[in-house]
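**Student:** Just so you know, the sequences run in chain order F and B. The opening position of the first sequence corresponds to residue 601 in this note's numbering, with each subsequent residue numbered one higher. The opening position of the second sequence corresponds to residue 601 in this note's numbering, with each subsequent residue numbered one higher.
Number of protein chains: 2
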Amino acid sequence: MDLQSYTEDLARRARTASRLLAVVASERKNRWLSRSAQALEDRTAAIVEANAHDLAAATEAGLTAASIDRLRLTPPRIHAMAEGLREMVRLPDPVGQVLESSVRPNGLKISKVGVPLGVIFFIYESRPNVTVDAAGLCVKSGNAIILRGGKEAMHSNTVLHKILQECLRAEELPVDAVQLVTTTDRAAVGHLLRLPQYIDLAIPRGGEGLIRRVAEEARMPVLKHYMGNCHVYVDRAANLDMAERIIINAKCQRPGVCNAAESLLIHGDVAATFLPRAAQALRAQGVEMRGCAASRTIVPDMKPASEEDFAAEYLDLILSVKVVRDLDEAMAHIARYGSQHTDCIVTDDPSAAARFTATVDSAAVMVNASTRFNDGFELGLGAEIGISTDKFHARGPCGLKELCSYKFIVLGDGQVRA
Amino acid sequence: MDLQSYTEDLARRARTASRLLAVVASERKNRWLSRSAQALEDRTAAIVEANAHDLAAATEAGLTAASIDRLRLTPPRIHAMAEGLREMVRLPDPVGQVLESSVRPNGLKISKVGVPLGVIFFIYESRPNVTVDAAGLCVKSGNAIILRGGKEAMHSNTVLHKILQECLRAEELPVDAVQLVTTTDRAAVGHLLRLPQYIDLAIPRGGEGLIRRVAEEARMPVLKHYMGNCHVYVDRAANLDMAERIIINAKCQRPGVCNAAESLLIHGDVAATFLPRAAQALRAQGVEMRGCAASRTIVPDMKPASEEDFAAEYLDLILSVKVVRDLDEAMAHIARYGSQHTDCIVTDDPSAAARFTATVDSAAVMVNASTRFNDGFELGLGAEIGISTDKFHARGPCGLKELCSYKFIVLGDGQVRA
């Protein structure tokens, strides 16, 4: 079968499965999640063995130690995947959920009810545990999923996919609800992205290059997850102990993720007090600081920050620093250089906090809390399939509900329009 | 100024205005709506005069009488536009609305709050009253709008836009919040569609050709409003008097709109009883029926229906007719030929109604009510900027709320992640 026929067939089968899955009761989807969790644990040895093939190939190909570690599946990691599915059992099913309802003057009963989007095409790199997470989220929300993992994880993904499909079959659910693209030919992705008649949403998860390529080629909507250039602004009225704790956590707790802070803004009135102690604490954590001219008069041994520094998502132990005149300059800086991802103000002044939260147009705006809290679990959404940097459809962490659309159900007793 | 500089400048100014408008209090936006309503009425003579230029050109260009009527602005129509704006004053402001809120175990207070999308590019044909409706909806929802009307309405749109901008200035709101593309060069649309950095959403409103062209060229999301091939299914358990009333209303009350019925499906058990009386009633309204073989054994003088007929959106007094074995065949037919717009079941059987509403994946699913009720006003959303045939972001009628996104506001007292 050629690539075009292969991908069309795959996508068409996903569409058919999605129609069946859309009307399956929550209990059956939950039974599948529980059964899959158990099956993953029962088959730990087989998973570890398949994963060993990927690890051997990765070592041979000279992947970095960090990449190889991300690829590795161990019994505790397999247990964690299973637990992730068990957590999903406990989350409310968004399908059929009544989002709004009203009775019109003419007696029509209107309800707006959650429905699955349909078919999700999920393109991701490396970590094989994402295979299980994504399939779990999609099936629980009534969507069929087409998985396209990295070729470096193909053996691992193949065995995980096989287990998930066996459990679909055992629960008499459509097996095509979870499909894996088994060719490593990159052209398969291009073919699938041109099938909006079968695929409702593409979700690329990986580096910026992958996301841009998918966004450009896709003929269906794309849930984009671009960079996070996140700011912590220390206001004149900040509690400076708290500010220090927050910037240390936001920058250092996990510097390689999108909700880590990349830039520190400090009100001029507190810069001379705060900056020396912050610099000391940050350096103790190995952070390199790059500052504006004003900040370098206070901490002279800081490197100068360029325009590029203020725009950068370092994903590393580097931090740009700027002293600002006031709240307005801080917000203007964030509007100019920020990425509308996550921004924080540290202040004890309620009016400054209110202006900041109303004005800063980011997916998450924090007052006196670390930027690291912009995350599906931390915000109470449960597991997430990604963090959207778009404003359309879903913004910020995307969980079960964000994998759904809605329809209007209108109940009448013979009403017609005048 | 060349076209590229002109469009970039326009879009950049819209972005700036949108940032200012996003934080304007509801009362000020409402004052602008009221002032604009009054100004439109006060300037009725000037509007009618400008409109006369468009009407003269349209007559000279040989436009159809229907097109010329759509273009015409009369004092009652101007009053209706003003009343439309006054209605919007009464609608709740979606900006700042708390959509969800929770307190996390660590004490973080999370709220999900409505925010404007930003800048809307609205491309529409003919009817100049849409200029005022769209501007009103966008400003009320905190969005800047770039209006691109048809060249046949340019004089009318120019004076309407001028009035709206004067009122923005009088209320000290950013005048660039409502801009009109003043060139009739079609290339301007193409330029604007390639500016996702300034424009958040494109809304084409017009024929299918316009929508497809915009969807293909746009580099930002597009709110699409494709065809409606709407069905009325008369179940075995239908009240046949009600069924007749509903199909007559759905087909004939306004045949040229997207929520008019295009296809009648009838359960085999009631076809022999229902079809003759329905045919008589429909023909009395001037409806041409095109039927399947089974229906033509009951009403022999019906034209035969082709595959194209079952897929057609006639927008005219024509109706395709099919006798189905049962509810499942009706739903399979709708899944195959329908457009996921609006579909109706007429039945007194609650379990048939429940299966139909759960299974039929359309923006609006009606039980015992005319398809014509799929409309922003009728469903209680207030004025609408369009009816989305997408599942992403918004589905069905799009009002103020659908012109908004949201952000998470997180209030802490120094929380950091462990």
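Even glycine gets a Cβ: it sits at the ideal position worked out from N, Cα and C.
#1: Go ahead and pull the three-state DSSP assignment for F:Glu-700.
#2: Taking a cut of 8 Å between CB atoms, which residues from the region 951-978 of chain B lie near chain F?
#3: Just the C-alpha distance for F:Ala-872 and B:Gly-742, rounded to the nearest angstrom, thanks.
#4: Looking only at its chain, what residues have a beta carbon closer than 7 Å to the beta carbon of B:Ser-726, apart from the 5 residues adjacent to it on each side?
#5: I'd like the span of the alpha helix (DSSP H) that includes B:Tyr-937, first residue to last.
#6: Cβ of B:Ala-639 within 8 Å of Cβ of B:Ile-811?
#7: With a threshold of 16 other CB atoms inside 10 Å of the CB of B:Pro-950, please say whether the residue is buried or exposed.
#8: Under a three-way DSSP split, which group does B:Met-889 fall into?
#9: From what residue to what residue does the beta strand (DSSP E) around F:Val-923 run?
#10: On the criterion of 16 or more Cβ atoms from any shown chain inside 10 Å, does F:Val-703 qualify as buried, or is it exposed?
#11: Distance cutoff 8 Å, beta carbons only. Does F:Asn-849 sit that close to anything in chain B?
#12: Going residue by residue through the region 762-810 of chain F, where are the continuous beta strand (DSSP E) segments of at least 3 residues, counting only ones entirely within it?
#13: Tell me, which residues are paired with F:Pro-904 by DSSP?
#14: Taking buried to mean at least 16 other C-beta atoms within 10 Å of its own C-beta, is F:Ala-879 buried or exposed?
#15: Does any CB atom of chain F fall closer than 8 Å to the CB of B:Pro-821?
#16: Which one or two residues does DSSP pair with B:Phe-721 in a beta bridge?
#17: Against B:Leu-800, what residues of chain F qualify as contacts under a CB-to-CB distance less than 8 Å, listed in chain order?
#18: Below 8 Å on the Cβ atoms is my guess for B:Gly-938 versus B:Asn-859; work out the distance and round it to an integer in Å.
#19: B:Lys-1007 by DSSP, collapsed to three states: which one?
#20: Taking three-plus beta-carbon pairs below 8 Å as touching, is the region 967-974 of chain F in contact with the region 847-854 of chain F?
#21: Strictly under 8 Å for the Cβ-Cβ distance: is B:Ser-702 near chain C by that measure?
#22: Quick check: the region 811-826 of chain B against the region 783-798 of chain B, are there 3 or more CB pairs under 8 Å?
#23: Within 8 Å (strictly less), CB to CB, does F:Ile-723 reach chain B?
#24: Could you give the distance in angstroms between the alpha-carbon of F:Met-966 and the alpha-carbon of B:Val-624?
#25: Are B:Ala-964 and B:Thr-942 closer than 8 Å when you measure CB to CB?
#26: Is F:Gln-853 close to chain B? Criterion is C-beta to C-beta, closer than 8 Å.
#27: So F:Val-715 contacts chain B; which residues on that side make the cut at Cβ distance below 8 Å?
#28: Taking 8 Å as the threshold (C-beta atoms), are B:Gly-696 and B:Ala-983 in contact?
#29: What does F:Val-623 reach in chain B if we use C-beta pairs closer than 7 Å?
#30: Quick one: what's got a C-beta closer than 6 Å to F:Val-1100's C-beta in the same chain, skipping five residues either side?
#31: Would you say F:Ala-935 lies against chain B (beta-carbon separation less than 8 Å)?
#32: Can you tell me which of F:Leu-840, F:Ala-656, F:Glu-978 and F:Val-730 puts its alpha carbon nearest to the alpha carbon of F:Ala-680?
#33: CA-CA distance, B:Arg-877 and B:Val-887?
#34: Given that F:Gln-1015 touches chain B, what residues does it touch there, using C-beta distances under 8 Å?
#35: For my contact list, B:Ala-617 and B:Asp-776 are in at a C-beta cut-off of 8 Å; report their separation, rounded to the angstrom.
#36: With C-beta atoms as the reference, is B:Val-924 less than 8 Å away from B:His-867?
**Tutor:** On the basis of the supplied data:
#1: Position 100 of the first sequence, counted from the first residue, corresponds to residue 700 of chain F. Here F:Glu-700 sits in strand by DSSP.
#2: Ala-953, Thr-957, Ala-958, Thr-959, Asp-961, Ser-962, Ala-963, Ala-964, Val-965, Met-966, Val-967, Asn-968, Ala-969, Ser-970, Arg-972, Phe-973, Asn-974 and Glu-978
#3: As a position in the first sequence, residue 872 of chain F is number 272, starting the count at 1. As a position in the second sequence, residue 742 of chain B is number 142, starting the count at 1. In a straight line, the C-alpha of F:Ala-872 is about 39 Å away from that of B:Gly-742.
#4: Walking along the second sequence from the start, residue 726 of chain B turns up at place 126. Closer than 7 Å at Cβ, skipping near neighbours: Ser-667, Arg-670, Leu-671, Gly-750, Glu-752 and Ala-753.
#5: Sequence index remark: in the second sequence, residue 937 of chain B carries index 337 (1-based). B:Tyr-937 -> alpha helix (DSSP H) spans 927-937.
#6: In the second sequence, counting from the first residue as 1, residue 639 of chain B sits at position 39. In the second sequence, counting from the first residue as 1, residue 811 of chain B sits at position 211. No, Cβ-Cβ distance for B:Ala-639 and B:Ile-811 is not below 8 Å.
#7: On the second sequence, position 350 is the one that residue 950 of chain B refers to. Flag for B:Pro-950 reads exposed.
#8: Locating residue 889 of chain B in the second sequence gives position 289, where the first residue counts as 1. B:Met-889: strand per DSSP, three-state reduction.
#9: Your numbering for residue 923 of chain F matches position 323 in the first sequence. Counting along the chain, the beta strand (DSSP E) containing F:Val-923 begins and ends at 918-924.
#10: Taking the first residue of the first sequence as position 1, residue 703 of chain F is located at position 103. Under this definition F:Val-703 is an exposed residue.
#11: Here residue 849 of chain F is taken as the residue at index 249 of the first sequence, counted from 1. True, the Cβ-Cβ gap to chain B drops below 8 Å.
#12: 778-780 and 801-805
#13: For this step, residue 904 of chain F is matched to residue 304 along the first sequence. The partner list for F:Pro-904 (beta bridge, DSSP) reads F:Gly-891.
#14: Here residue 879 of chain F refers to the residue found at position 279 of the first sequence. Label assigned to F:Ala-879: buried.
#15: Here residue 821 of chain B refers to the residue found at position 221 of the second sequence. At least one chain F Cβ lies under 8 Å of B:Pro-821.
#16: Here residue 721 of chain B refers to the residue found at position 121 when the second sequence is read from its first residue. Partner(s): B:Ile-746 and B:Ala-802.
#17: For the purposes of this step, residue 800 of chain B is taken as residue 200 along the second sequence, with counting starting at 1. Checking the displayed sequence, the identity of residue 800 of chain B turns out to be Asp instead of Leu. The contacting residues are Lys-991 and Phe-992.
#18: Position 338 of the second sequence holds residue 938 of chain B. Position 259 of the second sequence holds residue 859 of chain B. No, B:Gly-938 and B:Asn-859 are not in contact; Cβ-Cβ is about 13 Å, not under 8 Å.
#19: The residue labelled residue 1007 of chain B in the question sits at position 407 within the second sequence. B:Lys-1007 falls in the strand class under three-state DSSP.
#20: yes
#21: Within the model displayed, chain C is absent; protein chains F and B are what it includes.
#22: yes
#23: The sequence position of residue 723 of chain F within the first sequence is 123, counting from 1. Taking Cβ atoms only, chain B never reaches closer than 8 Å to F:Ile-723, which makes this a no.
#24: On the first sequence, position 366 is the one that residue 966 of chain F refers to. On the second sequence, position 24 is the one that residue 624 of chain B refers to. One C-alpha to the other measures close to 21 Å.
#25: Taking the first residue of the second sequence as position 1, residue 964 of chain B is located at position 364. Taking the first residue of the second sequence as position 1, residue 942 of chain B is located at position 342. Yes.
#26: Indexing the first sequence from 1 puts residue 853 of chain F at position 253. Yes, F:Gln-853 counts as interfacial toward chain B.
#27: In the first sequence, residue 715 of chain F corresponds to position 115, counting from 1. Correct list: Asp-961 and Lys-991.
#28: Counting from one through the second sequence, the residue named residue 983 of chain B turns up at place 383. Counting from one through the second sequence, the residue named residue 696 of chain B turns up at place 96. Going by C-beta atoms, B:Ala-983 is not nearer than 8 Å to B:Gly-696.
#29: Walking along the first sequence from the start, residue 623 of chain F turns up at place 23. Residues of chain B passing the Cβ test: Ala-958 and Thr-959.
#30: This structure does not reach residue 1100 of chain F, given that chain F is present from 601 up to 1018, and the question cannot be answered.
#31: For the purposes of this step, residue 935 of chain F is taken as residue 335 along the first sequence, with counting starting at 1. F:Ala-935 counts as touching chain B.
#32: Taking the first residue of the first sequence as 1, we reach residue 680 of chain F at position 80. When each option's Cα is compared against that of F:Ala-680, the closest is F:Val-730.
#33: Taking the second sequence and counting its residues from 1, one reaches residue 877 of chain B at position 277. Taking the second sequence and counting its residues from 1, one reaches residue 887 of chain B at position 287. One C-alpha to the other measures close to 13 Å.
#34: Numbered from 1 along the first sequence, position 415 holds the residue referred to as residue 1015 of chain F. In chain order: Asn-968, Ala-969, Ser-970 and Phe-973.
#35: Here residue 617 of chain B is taken as the residue at index 17 of the second sequence, counted from 1. Here residue 776 of chain B is taken as the residue at index 176 of the second sequence, counted from 1. Indeed, because the Cβ distance is near 4 Å, the residues count as touching under 8 Å.
#36: Numbered from its first residue, the second sequence carries residue 924 of chain B at position 324. Numbered from its first residue, the second sequence carries residue 867 of chain B at position 267. Yes, the Cβ-Cβ distance between B:Val-924 and B:His-867 is below 8 Å.
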